[in-house]
Amino acid sequence: MAVTLKATKRNSYAKSATRQIRESGHVPAVVYGKEKESKSIAVNSIDLVKTVRDEGRNAIISLDIEGDKPVDVMLHEYQMDPLKDELEHVDFYIVNMSEEMDVEVALNLEGEAIGTKDGGVLQQPLYELQVRAKPADIPEEISVDVSSLAIGDSIAIADLPKSDKYEFTDDEETTIATVVPPDTLNDVEEAPEENAEPELVGASDDEEEK
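For the record, in the sequence shown the residue sitting at position 90 is 90 according to the UniProt record's numbering, with numbers rising by one throughout.
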């Protein structure tokens, strides 16, 4: 079931009007879709952040625009102010609930690989997977149990359980988790020579050269 988010229409695109929108706790946005007329709107920043945090990045949002019928959308893109760490602009994409679409879904590794207990290092080359599904069938995340991985073992996309609701579009041979042997060359520190004189802490370059 889609979560509802209220929106107001934007009639002015002047910088002063945009500034007022942000100062009022809202963020300028645009909503558009395939063969759909784009509309400029504004939504409450806190409500939007809470919705994405609670429902996930790929949540279906019922956008309730004043004066219009609610429309099902997904958060498509957003821009952040790097200095203030605040939302500057948001793009919503109108979805067709009966058509498949391609999205990125977070990949979450679960468990402690047994290989790490033997000194191995768990590596995760991918943190998101490309998934094709109808909007209502998009998973919030893909969880993979890595507890059985020993040193030298790996998991590829082809090893993931198949679903009748979605499919992965990345190369099936792509590795998503692996346990590699410890790099002993980097872990072993060079021992000082037995007859080497200790370095003087805080000594100047001139003193060291003498």
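Beta carbons: idealized from backbone N, C-alpha and C, even for Gly.
Assignment of LEU48 by DSSP, reduced to helix, strand and coil, places it in the helix class.
With a beta-carbon spacing of about 6 angstroms, ALA150 and ILE114 fall inside the 8 angstroms limit used to define contacts.
Residue pairing by DSSP puts LYS36 in a beta bridge opposite GLY33.
For GLU55, the secondary structure class from DSSP, reduced to helix, strand or coil, is helix. Two segments are said to touch when three or more pairs of C-beta atoms, one from each, lie closer than 8 angstroms; by this definition the region 91 to 105 touches the region 134 to 147. Excluding residues up to 5 positions away in sequence, ASP64 lie with their Cβ nearer than 6 angstroms to the Cβ of LYS6 in the same chain. For HIS89 and LYS36, the gap between their C-alpha atoms comes out near 20 angstroms.
Collapsing the DSSP output to three states places THR175 in a strand. Within its own chain, the residues whose Cβ lies closer than 6 angstroms to the Cβ of VAL179, once the five positions on either side in sequence are excluded, are ALA113, GLY115, GLY120, LEU122, LEU149, ILE151, ASP153, listed in chain order. For THR8, the uninterrupted beta strand (DSSP E) run begins and ends at 3 to 9, by DSSP. In the pairwise beta carbon analysis, the region 22 to 38 is classified as not touching the region 161 to 180: fewer than three pairs are separated by under 8 angstroms. The DSSP-derived three-state label of ILE21 is helix. For LYS134, the closest C-alpha among the options ALA17, LEU75, ILE60 is that of ILE60. DSSP places ASP159 in the helix class (H, G or I) of the three-state scheme.
Separation of HIS26 and THR169 (C-alpha to C-alpha, rounded to the nearest whole angstrom) is 36 angstroms. Within the model, the alpha-carbon separation for GLU86 versus ASP118 is close to 44 angstroms.
Judged by DSSP secondary structure, ILE114 falls outside any beta strand (DSSP E) and instead within the alpha helix (DSSP H) spanning 114 to 117.
In the three-state reduction of the DSSP assignment, ASP137 falls in the helix class, which pools H, G and I.
ARG57 and GLN20 have their C-alpha atoms some 27 angstroms from each other. Using a Cβ distance threshold of 8 angstroms, GLU110 and VAL144 count as a contacting pair. DSSP, reduced to helix, strand and coil, places SER16 within a helical segment of the structure shown. One Cα belongs to VAL49, the other to ARG10, and the distance between them is close to 20 angstroms.
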